[in-house]
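Heads up: the sequence lines are chains A and B, in that order. Per my numbering, the very first residue in the first sequence carries number 27; after that it's consecutive. Per my numbering, the very first residue in the second sequence carries number 27; after that it's consecutive. Glycine residues also receive a C-beta, built at the ideal position from the N, C-alpha and C atoms. I have placed the structure first, in the form of C-alpha cells, so that the comments after it can refer back to it.
Number of protein chains: 2
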Amino acid sequence: MAKKYVYLFREGNASMRDLLGGKGANLAEMTQIGLPVPPGFTITTEACNEYYAIGENVPDGTWDQVWPALADVEAATGKQFGDKTNPLLVSVRSGAKFSMPGMMDTVLNLGLNDDTVEALAANTQNERFAWDCYRRFIQMFGDVVLEVEHYLFEQILETAKEKQGVRFDSELSPESLKWMVGEYKKQILRSTGKPFPMDPKEQLQLAVLAVFRSWNNDRANVYRIINNIPHDIGTAVNVQSMVFGNMGSDSGTGVAFTRNPSTGEKALYGEYLMNAQGEDVVAGIRTPQPIATLAQENADIYKQFVENSQRLEAHYRDMQDIEFTIERGKLYMLQTRNGKRTASAAIRVAVDLYHEGVISKEEAIMRIEPQQLDHLLHRRMDGEAKLQVLAKGLPASPGAASGKIVFSAEEAERQGQLGEKVILVRTETTPDDIRGILAAQGILTSRGGMTSHAAVVSRHMGKPAVCGCDALKIDYTQKLVAIEGVEYPEGSLFSIDGATGRVIKGEVKMVDPELSEGFKEFLGWADEISRLKVMANADTPAEATNARNFGAVGIGLTRTEHMFMDPERIPIVQEMILAQTLQEREVALEKLLPMQEEDFYGILKAMEGFPVTIRLLDPPLHEFLPHSEELIVEITKLRMSKSDPKALSEKESLLRKVRALSELNPMLGHRGCRLGVSFPEITVMQARAIFQASARLVKEGRDIHPEVMIPLTMGKEEFVMMRKLVDETAQAVMSEQNVKIPYHVGTMIEVPRAALLADEIGKVADFFSFGTNDLTQMTMGLSRDDAQGKFLPIYLEKNLLKTDPFVVLDRDGVGKLIDMAVKLGRSSNSGLSLGICGEHGGEPNSVEFCHIVGLNYVSCSPFRVPIARLAAAQAAVNQG
Amino acid sequence: MAKKYVYLFREGNASMRDLLGGKGANLAEMTQIGLPVPPGFTITTEACNEYYAIGENVPDGTWDQVWPALADVEAATGKQFGDKTNPLLVSVRSGAKFSMPGMMDTVLNLGLNDDTVEALAANTQNERFAWDCYRRFIQMFGDVVLEVEHYLFEQILETAKEKQGVRFDSELSPESLKWMVGEYKKQILRSTGKPFPMDPKEQLQLAVLAVFRSWNNDRANVYRIINNIPHDIGTAVNVQSMVFGNMGSDSGTGVAFTRNPSTGEKALYGEYLMNAQGEDVVAGIRTPQPIATLAQENADIYKQFVENSQRLEAHYRDMQDIEFTIERGKLYMLQTRNGKRTASAAIRVAVDLYHEGVISKEEAIMRIEPQQLDHLLHRRMDGEAKLQVLAKGLPASPGAASGKIVFSAEEAERQGQLGEKVILVRTETTPDDIRGILAAQGILTSRGGMTSHAAVVSRHMGKPAVCGCDALKIDYTQKLVAIEGVEYPEGSLFSIDGATGRVIKGEVKMVDPELSEGFKEFLGWADEISRLKVMANADTPAEATNARNFGAVGIGLTRTEHMFMDPERIPIVQEMILAQTLQEREVALEKLLPMQEEDFYGILKAMEGFPVTIRLLDPPLHEFLPHSEELIVEITKLRMSKSDPKALSEKESLLRKVRALSELNPMLGHRGCRLGVSFPEITVMQARAIFQASARLVKEGRDIHPEVMIPLTMGKEEFVMMRKLVDETAQAVMSEQNVKIPYHVGTMIEVPRAALLADEIGKVADFFSFGTNDLTQMTMGLSRDDAQGKFLPIYLEKNLLKTDPFVVLDRDGVGKLIDMAVKLGRSSNSGLSLGICGEHGGEPNSVEFCHIVGLNYVSCSPFRVPIARLAAAQAAVNQG
C-alpha cells in the first residue's frame, strides 16, 4: 500500500511541520482549534522528497489520494471542481518546514477555464471580477507552471491598457480582460507549443509538479545556503479552496502581526487592502491601510479578527503573523505563523512574554535567533549629525547605512564584490533580487509597505531598509533617481535610516550601539543559564572597554602584531627585522619595549578583574616590509632611467631582504613561536613589556590577570623552550620590582599536530586556546584567502560542504580533532583551561559545539559578545 | 650507596654497550675471552648522563670508585701512577654506544710530568722517546682538556724545528723536545692563567671531565643529528694503561679489518706503521704499510694477530675492525668493533657469512643498514667514456662524482647550499670538515690511507673518495691545486672515481647502477621475510622499467602533471588554462587527450602484471603559467619605452590571469581534486586517456591494472563526485570499445581532515595512499620549502624536533594520524588497500612505521626500492 501522502487540514496539527511544512501544519492547527479556515489539504514533504529520489516522478499513489481529498473539499464548500454552475477554485502553494518567503511558487484561482469563468461571473454577478481572476490565473499559471516569460504577459497587459486608453489595471473593462485572456492563451500556445489546459484536474497536477520543481530553483537554493537550511527536507504543497478579497468593496485582504515586528510593542500591527487579492498586499504594488482603520470601516469584522489573533497568539505562545481575507463580509483566516521580527522586537516580545507569565526564561532565551542580534550591535546614525533629508519613506527595517546608490541587484552584487558599500534602490524588490540585497548595505524602495518583500527580507537579514518612499522617481534606463526634480545618478552617496524612514544625501557619521535595559536583562538570563564563559578578542584599551560593556568577562585574544603595525612604530619594527646582528636587533627591541609596555598597561587596566590573554608576535616578519612587486617596479624604473644609483642600490638591498624573508606558503612558514625559537630576544622583549606593565598595575593595587599565549605550537619541546623564556623574564621582573604577579602561560592549539599531542603539551601548559581559523586551514588543507574567493563557493553550490567552514566550525573534521585534544589535554592536566579564539567564537552553531565538547570559554570580537552569550545559553538549554 | 659508575675491563662484557659504550664493552669482552688487552676500566654512560642532569657536576661517588679501579690497573701492570721509578701511563678515551669516529676527544700518555718523564726515559733508555711522549701529552692535554688553541702549540713546534734546522718532527733532538715542553707549559700558563697540572690524579680528573664535556660539543651534536643518534645517551670514558708503538723499530701500531671493507672479500685488510702511535695511522699523516707486509717483517707477531683476528670475527660473528699495538715485540689488542664497510662489502660479507653457516638469513638481513644501499644505487662512470686521467690515489670509497673543486669545508657548504656540485679537495680532512663533506659530491685528499678520516667518513656516508693522492700540490692561500706543474684554480671541473682511485679532468658521463647477483640474492631473502610490498613512484615508461629492475611490484604514484610540463605540451596546457569558456577549454583538452593516452599506454605496458596508480592532475594551474615578477619587469619596461602598445596589452592581460590564479598559500589552494570539482572536464579527459589506453592494452592481451587516484581529498562528498566522473568515463569507454578493464578508484590521504574522516571515505574508496609529504606539511603546519632552508635547522639544533620530519616520518604527530586513519578506514572497509607514496616510502625508519601500522605497501623513487625492500624485511624481523 502506498504511503499516506495527502492530509486534509482537519487530519493534521502544528506538530507535523516536518511532514506538512510550516504553512500546512498551521493551517491544520487553525482548523483543529475551530478558526474559519477555507477547507483544503496538504501533499506531504515526503511526496516531494520521493519525487526527487525517483528521478523527478510523482510517487505512485499520490494522485489516488489527491482526488478523494479534493472531493472532501468539494463537499465542505458545496462547490465542484470544473463545475459549470458552482465551480470550486483553489490555491496551490508551497510550504516547507522552514519559512522561505517568496522563494517558491504559488498559483491562485486554479480551476478557472472558459466555462467556469462564466459561472464565476454569474454567481458573483460581477463579470469584470471573474475575467480579472481568469486573466490573473492564466498569467500566474503561465509564468509559474508553464515557465513562459513574465514580461510577455506584461506586454499584453500594457497593450490592453493602451488600447482602452486607461492607466491602471483596475480600470480595465471586461471586454479588455476577455481580449487579454485570448491573447494570453495565444501567447502560451506560441511559447510552449501546447494550448492552455482547460481541465482543472490537469491544471492541479501541473501546479503540484511546479511546486515540487520550485524546491530546486536557483532562488530557493541560494536562500537555503544563506540561511543554513538543509537541501533535502523538501516542500509540502497546500491546496486550499479560494476565498476572494477582490469581490468588491465588502471584500478585502490583509496581513497583521499580533505585536509590532519592529519594536515588539504589544499592539496589533498590520495592513489591509479592500477589494484586493492577498498578493497585492505583500507584493507592495498598492500601498495598504493600517489595520486600525478596519475598526472604523468594519467594526464587526475587526472585532472577530482581534479575537482570532489573540486566540492564535495564546495558542502558539508567541507573536503571530496572520493572513486573512474578507469575502463579501465574511472573515477567513488564511495563514498563521510565528512572526518574523527585528532583533529588538524579538527581545522585547520574549521579555514581555516572560513577564506576562506566558513563557519561562529558558523559553525566552530560545525565542531569539542569536545571529539576529548582530543587527542590534551595528552602528546607527549619530544623533548630533546635521542631515540633509531628501525624502521620507516607511521605516521598514531598522539600522542605518551609507553607500553609493545602484539600481539593479546585479550592480549591487558587482560593486559589493569590489568592496564598495552600496544602497540598492528599486521601485520594489522581488525574490530575484536576493543576491543584490545580500550585497548591499541597505535597501530603498519607492513602493510597497512594511510587509513588502523588501521590508520582510531586510528585517530578516538585519539590513536597514526604507520602503514605499513615493518621492523617488527611478529611471532604470538612465540609471538615476529624481527627488523633487533633482536628479541623482548611479554612484551618488546616500544614507538611509531604517528606524525613521529618512533618506539622506551624502554619508552620515555613525555611532556605536548600546544595549537597551531589556536587552541587558535578557542577556543576564542567558548568563544564568550558560556553562560557557564569553570573552572578547581586543587589541586596544578602547576595544577592551567596549567588550566589557557588551558583557565580556575577559580577553581571550590580544594580537600584539596589531600594535606593531602602528605607523609610528613600523620604522622601528623594520629596523628590528633588517638588523644584521643580535646587537642591532636588540637596539630596535629596546625602543619597542616601552611602547609595548604602554599597550599592555592600558589593556590590562581596562580589563581589571578579568583575565587578559596576550598572544606573542604571530605573523611572518615580511608582513611588516614593503611588497616585493612594488619594489620590482621601482627598481626596474631606476635601472632604466639610470638617474639615482644610490636609491637603486638601497632598493635592491631591501628587495634582497624581502626576498629572503618571502615564503611560498606564509601561513605555514616562519611565524608564531617559530619566530621566538629563531629570535628569543623578541619573545623576551614582549614578556618583559607584559610583566613590567603588570608590575606597575600591581603596585597601583589593581587586580590584573595576564595570560601569556604562545602561538603556532606544534609540540611540547618548543612550548617548553618558549615557556622558559617567559617564566624567566617574569621571575626577573618580579624580583626587580619586588611584586608578585599572578600569571599563566598557555598555548594556541591551531596546528593539527598540537591537537594530536595535546596530552603531552597539556602537561606543561596552563591553558589551551583553539585557534580555529588556522586549525581549519591546516586540517582541511584550505587557505582561507585563496578558497573563499575561488573554489569554496563551488563546494557550497555543489553541496560538497554543508557550510563555509570559516564561518561555521566544521564539526566532522576540525571538530573531531578539537574533541580529541580536549580529552587528551584534560587527561594529563585536569586543571587545564580550554577556550576558542577564532572567529567561530561568535558564531552560534560553533558556540554550541564548544559547549558540547566542554570548553570553558569562547572569545570573539566585542560586537559579537552578546550573540555568543545568547548562543551559549541556548546550547545549555538544548544540550543540557 | 652510590651507583656503580666504574667497571674494570674484566667486570664487563659485550652486552653492556648501553652502559659501557661500544668501545668499553668490546675491551671488556676481549679481556673476558683472554686476548692481550692492556688493563683498564670504564666510567659508565650513566655517570655522564648524571653529570648533565645535575648541571655539569661529576656525580657523588665517582672518584671513590675510580681510585680503587686505578689501583687494580697498577697491580695488573706492576706500575704506579706518578711513580718516579716505574710510572703508569694511561689513555683516556670517550666511547658512546654508537661509534662516532673522531667526534669526541682522546688524551694519550696521561700520567707524565717532570718526574715521571725522567723515569720513562730511564726505563726505556730512550730520552728522546720519553720527551717526545711528554710534549705530545702536554699538547694534547692543552688542546683537548684545557682548551688552548691548537695552533699555539704548532707555532712552538715550528719554532723548535727552525731553531734546530730540521724538517720533520722525528728529527727533533731531546734538547729541542725539552725546550718545547718548557715553552708549552709557559703557553698554558699564559692562556689559562694556571700552570700545567703536575699531579697525575688531577690530570686524570680533568681529562674525564673533558670527555664528558666533549659529548656536547658542536662536532658531536652535528654528527648525531646527521646520523640520527639520540642526544641523551651519553658517552662512557675508557681509562686504559698505555702501550707504546713508538718505542723504536720493534714497536708499531696498526688497524685491520677481518675482510675487505670496500669489497667484502674474505682477506685480512689493513695497515700499520712501525715506531708510531695509533693516532699517526688514522690521522693520515704518514702513509702506512699494508698489513701483509707484517708477515715478512715479523712473522710471529703477524701469526698471533691473524689468530686473534679470526677469533674475534668468530666470536662476534661479523667482520671486525681491530686496532693493535706492538710494544717492544709484544702484541696488544687495543680495540675491536664491527667494521664499517661499503654497502657492497656489507652485502658480500652478509651473504658469505650466511653461506659459511655463521648467520641466518634474518641475521644477514639485519646486518645491512638500509640507508647504506643508497650508495650502490647511485651512478658510476660510463665505461665507454674517454677520460683524461690527471692522477691516481687510493680507491678510498667507491662511487663516482663530478663537480667544481673547492678547498675548504666552508666553501663546499656554501656552494652546496646554492645547489652547486662540488668536490672537496684537502690535504687531509678532520672532524671539523664534517659539514663540508656532507655538502660535497666527493672527497679528494693528497695524504692519508684507506683508514684515514676522509676514507672512513666517506665510506660511511656513501660518498665517493680518493685519498692519499700524492700528485696533488694544494695551495690553500691561492686556492689552486697543481698536478704535474699544471695549476687548477678553485671552480675547475674534476671527476673522481672512488672505485679505482682515478682523478679525472672535466665532467664524466655516468651510467645507471645495476644490481649484482649477490645483491639480488640478498634482496630475495628480504622479500621472503617482508610483509610490506614495495612499489615505485614513476612518471615515464623508462622509470617504470627501472623500478621493475630494482624489484618494484607496481607503481604507487604516477604524477600526471609531469606529463603536462613537457615543453611541447605546455602551450596547449596554457591554452586550456586561459580558456574563457568551457568550449574553449574542451578544445584544448581534446588536443591533450591523445598525448595523455600515449603516456598512460606506455607506463601501463611497462608495468604489465602489476598495479599502476595514476594520480589525477594535482598542482595549482598557475604553475603552468609564467611567473608574475617576470611579467611585471617586462610590463614596466614596455610602459616606459612606449614602443609596443600591443605587446604591452597582451602582457597585461596575461598578468591579470596570472594574478587571478595566484594564491597566497598555493599548497593549500586551488589544486588536487579541487581542480576537478571546478573543471570536471579536466578529470573526464584524464580518465578517458587512462581508459582508452587501457582498452588498447586489454585488446592486445596485456594484463594491466590501472588504479585511479584522487588527490587532496578532504571529505567523502568530493570523493564521491570525482569517483562518479571516473566511473562514468570508464563505463563509457568500456562500452564504446567493448572490453572489460579491471580498475580501482582510490584517494590520497594527505589532508588531515581526510585522515580524521577515513571511515566515511573508506566506504566509497578502493584504496588509500598516504601522501606523507603534504600530510606532514599540513599536520605540522610546516611549508617544506620555507622551513627547510630557514627555521627547521634551528629546530634540529635546539633539539625541538628529533629529526627532519620531511626525511623521517614524524611518528608522534603525523604517525598518530595515519594510525588512526588506518584503523578507521579498515573499520568501514575491510578490503581497503593501504599504502604510502610520500618520499618517506624509501626511508627505513618510516618504512618500519608503515609496517607497524599495517599498511599493505610503500612506494618510493625507483632508486630507493632496494632500500625499502630491505627496510621492510628488517621491520618484519624487528617487529614481527
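- Chain A has no Cβ within less than 8 Å of the Cβ of Met591 (chain B).
- Taking a Cβ-Cβ cut-off of 9 Å, the neighbours of Pro692 (chain B) in chain A comprise Leu690, Asn691, Ser809 and Asp812, given in sequence order.
- For the pair of segments examined, the stretch 338-358 of chain A was found to touch the stretch 276-295 of chain A: the number of CB pairs separated by less than 8 Å reaches three.
- For Val703 (chain B), the residues of chain A that pass the 7 Å Cβ criterion are Phe817, Ile820, Tyr821, Lys824 and Leu826, in the order they occur in the chain.
- In this structure, DSSP gives Met345 (chain B) a state outside helix and strand, which the three-state scheme calls coil.
- Residue contact check for Glu587 (chain A) against chain B: no CB pair falls below 8 Å.
- The DSSP-derived three-state label of Gly772 (chain A) is strand.
- Taking the C-beta atoms as reference points, Gly429 (chain A) is found no nearer than 8 Å to Cys495 (chain A).
- A straight-line Cα-Cα distance of about 57 Å links Pro515 (chain B) and Arg728 (chain B).
- Within the stretch 781-793 of chain B, Leu782 and Leu783 place their CB atoms closer than 7 Å to a CB of chain A, listed in sequence order.
- Taking 8 Å as the upper bound for CB-CB distance, Ala898 (chain B) and Val879 (chain B) are not in contact here, some 13 Å apart.
- In terms of Cβ geometry, Glu587 (chain B) and Leu643 (chain B) form a close pair [threshold 8 Å].
- Cβ neighbours of Thr571 (chain B) within its own chain (closer than 8 Å, five residues either side excluded): Ala632.
- When C-beta atoms of the stretch 531-540 of chain B are compared with those of the stretch 859-876 of chain B, fewer than three pairs fall below 8 Å, so the two segments do not count as touching.
- Residue pairing from DSSP leaves Gln441 (chain A) without any beta-bridge partner.
- Rounded to whole angstroms, the separation of the alpha carbons of Arg406 (chain B) and Phe636 (chain B) is 30 Å.
- For Gln361 (chain A), the secondary structure class from DSSP, reduced to helix, strand or coil, is strand.
- Assigned with DSSP and collapsed to three states, Asn75 (chain A) falls in helix.
- Secondary structure within the stretch 559-620 of chain B: the alpha helix (DSSP H) runs of 4 or more consecutive residues, fully enclosed, are 567-575, 586-590 and 596-604 (chain order).
- Every alpha helix (DSSP H) of 4 residues or more that sits fully in the stretch 451-505 of chain A is shown, in chain order, as 460-465 and 479-487.
- Look at the stretch 619-668 of chain A and you find these whole runs of beta strand (DSSP E), each 3 residues long or longer: 637-641.
- Between Asp812 (chain B) and Asn691 (chain A), the gap from beta carbon to beta carbon is short of 8 Å.
- Identification of chain A residues near Asp670 (chain B) by a Cβ-Cβ cut-off of 8 Å yields none; the smallest Cβ-Cβ distance measures about 15 Å.
- A Cβ of chain A is located within less than 8 Å of the beta carbon of Val659 (chain B).
- Across the structure, Asn334 (chain A) and Leu320 (chain A) are spaced so that their CA atoms are roughly 15 Å apart.
- Under the Cβ criterion (8 Å, minimum of three pairs), the stretch 144-157 of chain A counts as touching the stretch 190-202 of chain A.
- Counting C-beta atoms within 10 angstroms of its own C-beta, Arg682 (chain B) has fewer than 16 neighbours from the protein chains shown and is therefore classed as exposed.
- Gly788 (chain A) and Leu738 (chain A) have their C-alpha atoms some 15 Å from each other.
- Contact annotation: the stretch 256-274 of chain A touches the stretch 64-84 of chain A, with at least three C-beta pairs closer than 8 Å.
- Ranked by Cα distance from Leu519 (chain A), the first of A:Val507, A:Lys356 and A:Asp459 is A:Val507.
- Between Thr362 (chain A) and Thr279 (chain A) the beta-carbon gap is near 15 Å, outside 8 Å, which marks them as no contact.
- The Cβ-Cβ distance between Leu53 (chain A) and Tyr33 (chain A) does not fall below 8 Å.
- Measuring C-alpha to C-alpha distances from Leu470 (chain A) to each of A:Cys493, A:Leu146, A:Ala325 and A:Leu416 identifies A:Cys493 as the nearest.
- Neighbourhood of Thr805 (chain A) in chain B, by CB distance below 8 Å: Val777, Pro778, Arg779, Leu782 and Met804, in chain order.
- Pairwise C-beta distances place the stretch 428-445 of chain A out of contact with the stretch 477-486 of chain A, as fewer than three of them are shorter than 8 Å.
- Counting the other Cβ atoms within 10 Å of the Cβ of Trp205 (chain B) gives 16 or more, which makes it buried.
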